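Residue numbering for the sequence shown follows UniProt numbering, beginning at 1 and increasing consecutively.
For each residue, glycine too, the CB sits at the ideal point set by N, CA and C.
What you are looking at is a predicted structure, and each value in this text was computed from that prediction instead of being measured.
Here the structure comes first, spelled out in structure tokens, and everything after it is commentary.
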Amino acid sequence: MKLSINNKIINKNETGHWTQAKGFDPVDISPEEFAEFISLGFAFSFQFAGRYRKADNFICSDIIAADIDDGMTLEEAMDDEFVLNNACLLYTTASHTPENHRFRLVFQLPHTITDSDQMRNALRGLVRKFPMADKANTDPARQFYGSKGCNSHIFGKVLSEENLKLLLGLGHEPINLPDRQDAKSGKSGFRSILTLEEDSEVRNARGEMVRLSDMESSKPVYCPFHHDKNPSAFTTASQSGVKGVHCSKCQETFWTKGKIPEPYDFLIFDKLIRKEVSAFVPSLVPDESGFFEHETTDPNVLISERYLPNIPLQNCITLIKSAKGTGKTEYLKRLVAEYKKQNFSILLVGHRRSLLWALSSSLGLQCYLDIKESGMFACLKVSKRFAVSVDSIGKMLKPNINKFDVVLIDESEQVFSHLISETIDVENRRKCYLLLQHYIHTAKAVVALDADINHITLDAIQRFGTKNPLSDRRLVLNEYKFPAQTVELYANENQVIADIFQSIATGERIFICSNSKKSVDALVLAIKDKHGPDFPLFWVTSENTGRDEVNNFLTEIKTEILKYQVVLVSPAMGTGIDITFPDEVSHVDGVYGLFEARINTHFDIDQQLSRVRHPKFVRVWISSETFNFETEIDPIKQELAESEIIPEVLTGYANTGLAEFNWNDPYLNLYATILAAQRASKNQLRKNFIELKIYNDWKIEEISKNQEAAAEGSIHAKRGEALRKIEYVERILHADVIDDFTVNELKRKSDSGKPLSASEKNSVDRYWIEKFYLTALTTDLILRDNEGKYREQILMMERIVVANATPTKNTETNAKVALVLEFLEISGILKTDSQFDTSLSVTNENLKNFVALCRRRKAKIERVLGTTLRKDFAVKPVSQLGYFLGLCGLKTVKGKPISVGNQKIYRYRLDEQCLLDAMEIIKKRQSRHDPHE
């Protein structure tokens, strides 16, 4: 077997001073020789160039291994069918005890693996096969420690080619990767490349083997692919009826072989209307306005017009899809004017504050941002023609008071998607959903418009619709496509940045969009740094959207943009902004785009790039990362139910103790539909963008990487990021000092929907930092505060050590405090009198009670703290304890080791200075006049 041995590392390196990446000597040995090296305590790994262990140096390996520290006993491993038939050897690790079994499983591969990515997949697959294994052991440069005098068992088996293929399939997708870059969505499910045989049998919750094809969807079963002690999977089905199994442990869905669900269809609306429509024919009978018809034989309309005409409407739900730049806003103006003549009350629902403010103004509607009152007083100020963001619908409207004849939904795909957005508090999402459902259901007429109407709008309207949600709707498709243009698609992000600075140097007027606020902020600072503070530059991000100067810019954007050489925007600018000049003149020379993966969809990207009509060039970098997130509705619903994102779907528990859910909950179904659309786009972001542009008759020019230009762009990017960090400290440090009255006034202003200015935000941030720490602001204090994270840690600490700490009515906070307190007390670091013991030394060996509590509270930790235990918590409890201390702003320091036989044991104590700093802050806070501030 080809592997490497390091005889300088003994039982986790007792010598303590050898560089653990060096000295991995390549060997080709038998299982018996391998077991002997392990019993001598020698570390082992794969083979590396230069005997230096790192992923880039990976040469080959004939073995893979998995660490089992919890969840499986030696006896269970020795009886496991997969182990018996495939394992090379098993040995107990140095921390193994009769009470706590810890061991390593080693498998000999059927052939030598020479590719590091394939090795990573094989290791990842082994972890998924044995979900109790340490998930950290998936690196192609991973080392494994020997165990002096260990108990070894040589099975002498070689992993079969079939089972290696199985492991490679299980490991094809990353572990614990969310479908959003900010990780707010939690871990997301993937579609496995492994499949089930058509006649597969699965074990149900009662332990009976049942044909998968005979089972209903959403029934609990044991996973057919991993070592499953309890049912951790559900049967599932695709929308086309394909059967499968979704496993929450594997985070994957396994579909029936040869019947993989069809690829996600981004053009379902277009295909549906072409299938149903007969034509937009003269037999339609509009009235004199051109809008309202009396009779028609065909409710659907298919047209191809440069500008959206007056389409005859009925009292039903009308969905209009028309490309960007075809005059949807002008159409809305004419439509609203006609509804006003009919004396109809009108509700316009949007999704972006800045866009809605400008749109409501042009339509002659009252904007919710103009109402200063809140609560019941707000709804009393609402007029009969009102525009509101879907995020604020729950704050502004009371259905028994505010009633509307007509509901208009602008950018409908985005509006419905915002119902699952973090811009709405979790507890208010269902309320906003139910209110929007109510107004759509009770309206005489509903008109939804979007350039990219697809599954989300169709599904929402079907669920929200009026008398007959399946038939009481009308589809309108404007097929008009603009003359062919070209988009230059770059392979390297920094090369685009270099071209941006080249365009600036040559005096070109450019429009830059990105899905990263951080990138926009850094570019703004880099441009100012190079060209001076007076350079004609304007930018729109979530930090300044809603301010008067931004609102004015957006309202008069066609003239305002001409005042600047460079305009930069993040998604905060919103869709629907149209920058078109008379006679289609190209006053903006070029459009640049920088788009990272797992943030937004290819439709969002296309919307951002298409704001400027008729630019001379479009240059874009889009991440080429690809994923395989599951996109079928049923398994996504199962993910959501198990994650407790929608707690209302939990209906109870079966006699077996397994949770039961309402799989037909309408909000759950809409949530899953939205996630499916977003994931399908993010899975192949760059490819989907290319296909969309080609569908709309654009040409794609691929720009390969230029090393010199990329290096130049990298310099600008790094400079901008460094300046961004400096700027954050400076703007807080130099913010105006405000008093209690002013901060309360600003809070009322923000609560009413009015945006705060940059200086007001900075002053509020400064106020709360100084108010919390009760000291004058300094650079060190801003850095220590870490944008509020240290304040959260101090509050946790305060609630643990102070009897009269700031009270809270938040049950979630109370539960977190109680749980952290329990772990700190059992560790011994926190005494029963709520005093910390800085003299106590803790080791991995004397935290047995702490480890036992971790096992008992595992589920509660996930539910209350929103995190999982370290996989090695039983072996490295000090590290797990460090996590709980970190929630209080504390940490441990490593002391000198002690020798026990041939083993070195490291002792850890509480960092005394860290504790003193925290307690000084708490003491100062408790000495103030009002302890509840």
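Rounded separation between residue i and residue j - CA only
i           : j       : result
Cys-379     : Pro-536 : 42 Å
Val-285     : Gln-366 : With a pLDDT of 47 at Val-285, under the threshold of 50, the modelled position of this residue cannot be trusted; read the value that follows with caution. Cα to Cα, the separation comes out at about 33 Å.
Phe-511     : Val-567 : 5 Å
Ser-283     : Ile-311 : Since pLDDT at Ser-283 reaches only 41, below the 50 mark, its modelled position is unreliable, and the value read off the structure follows with that caveat. About 13 Å.
Ile-456     : Lys-257 : 29 Å
Phe-850     : Gln-678 : 41 Å
Val-864     : Lys-858 : 10 Å
Glu-712     : Thr-545 : 31 Å
residue 942 : Trp-539 : What is shown of the chain runs 1 to 933, which leaves residue 942 out entirely.
Leu-554     : Trp-357 : 9 Å
Asn-315     : Lys-271 : 24 Å
residue 941 : Asn-86  : The structure shown does not extend to residue 941, since the chain spans only 1 to 933, so no value can be given for it.
Tyr-728     : Phe-595 : 23 Å
Asp-139     : Asp-56  : 11 Å
Asn-688     : Val-842 : 54 Å
residue 967 : Arg-124 : Outside the shown range of the chain (1 to 933) lies residue 967, about which nothing can therefore be said.
Glu-252     : Thr-626 : 16 Å
Arg-613     : Ile-561 : 13 Å
Val-83      : Ala-77  : 7 Å
Leu-581     : Lys-558 : First, the amino acid is wrong: residue 581 is Phe here, not Leu. Going by the C-alpha atoms only, they are around 7 Å apart.
Phe-155     : Ala-233 : 31 Å
Ser-278     : Ile-690 : Note that Ser-278 has pLDDT 47, beneath the 50 cutoff, so the model's placement of it is unreliable and the number below is only indicative. So the alpha carbons of these two residues sit roughly 31 Å apart.
Ile-703     : Leu-489 : 6 Å
Thr-631     : Ala-818 : 38 Å
residue 939 : Ala-722 : Because the chain here runs from 1 to 933, residue 939 falls outside it and cannot be looked at.
Rounded distance between the beta-carbons of residue j and residue i, thought under 8 Å
i       : j       : result
Arg-724 : Leu-525 : 6 Å
Ile-63  : Leu-105 : Actually they do not touch by this definition, with Cβ atoms about 11 Å apart.
Ala-710 : Ala-443 : 53 Å between Cβ atoms; not a contact.
Ala-717 : Ala-522 : 7 Å
Val-447 : Ile-320 : 7 Å
Environment of residue i [buried if 16+ CB atoms lie within 10 Å]
i       : result
Asp-244 : In the sequence under discussion, the amino acid at residue 244 is Gly, which differs from the Asp named in the question. By the neighbour-count rule (16 or more Cβ atoms within 10 Å), Gly-244 is buried.
Ile-898 : exposed
Gln-880 : buried
Thr-73  : exposed
Phe-416 : buried
Asn-468 : Because Asn-468 sits at a pLDDT of 46, beneath the cut-off of 50, its placement in the model cannot be relied upon, and the following sentence gives the value as read from the coordinates. It is exposed - the Cβ of Asn-468 has fewer than 16 other Cβ atoms within 10 Å.
His-246 : buried
Leu-685 : buried
Lys-682 : buried
Ile-401 : exposed
Ala-572 : buried
Glu-760 : buried
Ala-445 : buried
Ser-4   : buried
Met-796 : buried
Ser-61  : buried
Leu-658 : exposed
Ala-337 : exposed
Range of the contiguous alpha helix (DSSP H) that encloses residue i
i       : result
Gln-678 : 666-683
Ala-918 : 912-926
Asn-57  : Here Asn-57 belongs to no alpha helix (DSSP H), and DSSP marks it neither H nor E.
Glu-493 : 493-505
Ile-794 : 789-801
Leu-847 : Segment: none, Leu-847 is in no alpha helix (DSSP H) and carries neither H nor E.
Endpoints, beta strand (DSSP E) assigned at residue i
i       : result
Asn-6   : 2-10
Glu-560 : From DSSP, Glu-560 is part of no beta strand (DSSP E) but of the alpha helix (DSSP H) over 557-560.
Trp-663 : Where Trp-663 is concerned, there is no enclosing beta strand (DSSP E), given that its DSSP letter is neither H nor E.
Arg-619 : 617-622
Cys-513 : 510-514
Lys-904 : 903-905
Phe-46  : That residue, Phe-46, is in no beta strand (DSSP E); it is neither H nor E in DSSP.
Asn-628 : That residue, Asn-628, is in no beta strand (DSSP E); it is neither H nor E in DSSP.
Can you list the alpha helix (DSSP H) stretches of 4 or more residues lying completely in the UniProt domain "Replication origin-binding protein" (309-464), in chain order? 328-341, 353-363, 376-380, 393-396, 412-417, 426-442, 455-464
Any chance you could list the beta strand (DSSP E) runs of at least 3 consecutive residues sitting entirely within the segment 155-243, in chain order? 190-196, 201-203, 209-211, 233-237
Please go through the segment 689-713 and give each complete beta strand (DSSP E) segment of 3 or more residues, from N-terminal end onward. 699-703
Jot down the residue ranges of each uninterrupted beta strand (DSSP E) in the segment 76-151, minimum 3 residues, whole runs only, in chain order. 89-92, 103-113
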